[in-house]
Amino acid sequence: MWGNVGPRVAHLSPLERVRLRRVAVRYALHGWPVTPGACLANRRFVCGRAGCPTVGCHPALENWEHAASADPARVATWWRERPHGVLLPTGRAFDVLEVAAHFGRRVLDAVATHPAGFGVRGPVLVTPTGRWMFLVRPGDPLRPELEHCFHVVRHGPGSWIAAPPTRLPEGTVRWAVAPEQARWQLPDSYLVQNALIEAFRSAGVTLTSDLLPGQLPLPRRGG
């Protein structure tokens, strides 16, 4: 499957390789399905699948969504031979709300003193390119105010995120709030969305609910 791809894979120390495997297994032990990511090779990613044109971070398995597993033994086998990135499918154990760094910091400051306490505080990861990912309970769509907002992306079924300690060309994915700090609990999605709405409005972002009917975006046509 891998052919001559192996020599180009970025060199990781034995300690780094062990850490990738241990962290992936720890996610699985807490019920988070995991799927192996393509390996970083110089500044591109290689998955070993013949003819794969994707050079950015992506799943190593073609059927990644079906193959994703929370079985620690199965997860451990994926990392024994290759230094895969650690990818977490969304829409199963959790959804993710993705925003830019300046909004992420505002929301994190707001939830730190939120009266709901741990009901709104959950794991938050940060990519080396400055994207903040808030892990929330799965299943809730975006509120109407955020539905057409380009500043937030909801990751649900069919999507995934790169999780710490995955290495990207720009650096390593890290936790701003580690799962252990949140006691492996997930906040209510709408509580976090409310905090996002407040952060957007305080930054002067116009949301759907602030528009007049004639200013609302037109529905997209299929085809």
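Per this note's numbering, the very first residue in the sequence shown carries number 2; after that it's consecutive.
We put the beta carbon where it would ideally sit given N, CA and C, even for glycine.
Proximal residues to residue i (C-beta, below 6 Å), its chain only, five neighbours per side dropped
i	result
residue 180	124
residue 231	The requested residue 231 does not occur in the structure, where the chain is confined to residues 2 to 224.
residue 178	124, 125
residue 93	34
residue 37	61, 79, 85
residue 28	35
residue 168	41
residue 160	91
Local Cβ density within 10 Å of residue i, reported as buried at 16 or more and exposed below that
i	result
residue 203	exposed
residue 182	exposed
residue 186	exposed
residue 85	buried
residue 140	exposed
residue 14	exposed
residue 188	buried
residue 184	exposed
Euclidean distance between Cα positions of residue i and residue j
i	j	result
residue 136	residue 166	16 Å
residue 172	residue 129	5 Å
residue 1	residue 80	Here the chain has residues from 2 to 224 only, and residue 1 is not among them.
residue 24	residue 74	13 Å
residue 175	residue 126	6 Å
residue 142	residue 42	36 Å
residue 59	residue 51	14 Å
residue 148	residue 200	16 Å
residue 150	residue 190	16 Å
residue 46	residue 61	9 Å
residue 66	residue 48	15 Å
residue 114	residue 96	23 Å
residue 82	residue 198	44 Å
residue 16	residue 22	10 Å
residue 133	residue 162	11 Å
Residue i vs residue j beta-carbon contact at 7 Å
i	j	result
residue 87	residue 164	yes
residue 156	residue 91	yes
residue 206	residue 153	no
residue 57	residue 102	no
residue 158	residue 44	no
Cβ shell of residue i (< 8 Å), same chain only, five flanking positions each side left out
i	result
residue 63	50
residue 193	98, 108, 112, 121, 123, 135, 137
residue 20	166
Proximal residues to residue i (C-beta, below 7 Å), its chain only, five neighbours per side dropped
i	result
residue 53	none
Residue i beta carbon near the ligand ATP (any heavy atom closer than 6 Å)
i	result
residue 176	This structure does not include the ligand ATP; it has no bound ligands of any sort.
Min CB distance residue i to chain D below 7 Å
i	result
residue 147	This model lacks chain D altogether, as it is built from one protein chain only.
### Message
Pairs of beta-carbons, one from the region 53 to 73 and one from the region 101 to 115, closer than 8 Å: are there three or more?
### Response
With the cut-off at 8 Å, the region 53 to 73 and the region 101 to 115 do not touch.
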